[in-house]
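Working notes, structure below.
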Amino acid sequence: MPVSGDGASGRRGRHETEDERADRMWGELIQEVRVAQMGVQILFAFLLTVVFTPKYDTLDSTDQTIYIVTVVLGAAATGALIGPVSLHRLVSGRRIKPRAVEWASRLTFVGLVLLLATMTSSLLLILRVATQDGYVPWLVTAVVVWYLLCWFGIPLWTRRRHTTR
């Protein structure tokens, strides 16, 4: 959909071609991905080391299962959040940047959802190991609600509240 800047496409305020818009959106997306990539890579690196600690052998089968699920989720999140870089490299110069931006954006969103799942299961595992109290599921649930509010609730509310139709 070409963006003319005249309001005909539902957008106002920018006078940019589809390619100019794709260039701008690509730059913004890459900045966002850099932040998420750093977090997921640090978390994933930490997770990879856990299995080599003496404490791992003392975990019960449930905690070991949670750990394995967490590592797989972390690997999947890492793949999805690094995917836009590979996508850009492989399609660069092919004159399909608007489509590449769409796909990179989808990969980034999937990566964020997987990162949410990774952080949730990491928190569950850590709190289960650190304490045997029954409040752990409630605490994890509260943190997940906070993540959902910060990552999706406020942005979606802002989009709905401040986007003109």
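Residues 890 to 1054 in the working numbering are what the sequence shown lists, from first letter to last.
C-beta atoms are modelled at their ideal positions from N, C-alpha and C, and glycine is treated no differently.
Residue burial classification, residue i (beta-carbon count within 10 angstroms, cutoff 16)
i: V940; result: exposed
i: R910; result: buried
i: P973; result: buried
i: F933; result: buried
i: G963; result: buried
Range of the contiguous alpha helix (DSSP H) that encloses residue i
i: D949; result: Taken as a continuous stretch (DSSP letters only), D949 belongs to no alpha helix (DSSP H), as it is neither H nor E.
i: L1014; result: 986-1019
i: F935; result: 907-939
i: L1037; result: 1025-1037
i: H1051; result: 1043-1051
CA-to-CA distance, residue j to residue i, given in whole angstroms
i: G1023; j: T1030; result: 13 Å
i: A966; j: T942; result: 24 Å
i: P891; j: W992; result: Here the model assigns P891 a pLDDT of 45, short of 50, so the residue's position is not dependable, and the following value carries that caveat. Their Cα atoms are separated by approximately 18 Å.
i: L936; j: S994; result: 26 Å
i: G968; j: T1007; result: 13 Å
Would you be able to state if there are at least three C-beta pairs under 8 Å between the stretch 1016-1023 and the stretch 982-989? For the pair of segments examined, the stretch 982-989 was found not to touch the stretch 1016-1023: the number of CB pairs separated by less than 8 Å stays below three.
Is the stretch 990-1004 touching the stretch 951-961 in the sense that three or more CB pairs, one from each, lie closer than 8 Å? Under the three-pair Cβ rule at 8 Å, the stretch 951-961 does not count as touching the stretch 990-1004.
With a cut-off of 8 Å, do at least 3 Cβ pairs link the stretch 914-923 to the stretch 946-953? No: the two stretches stay apart, fewer than three of their Cβ pairs being nearer than 8 Å.
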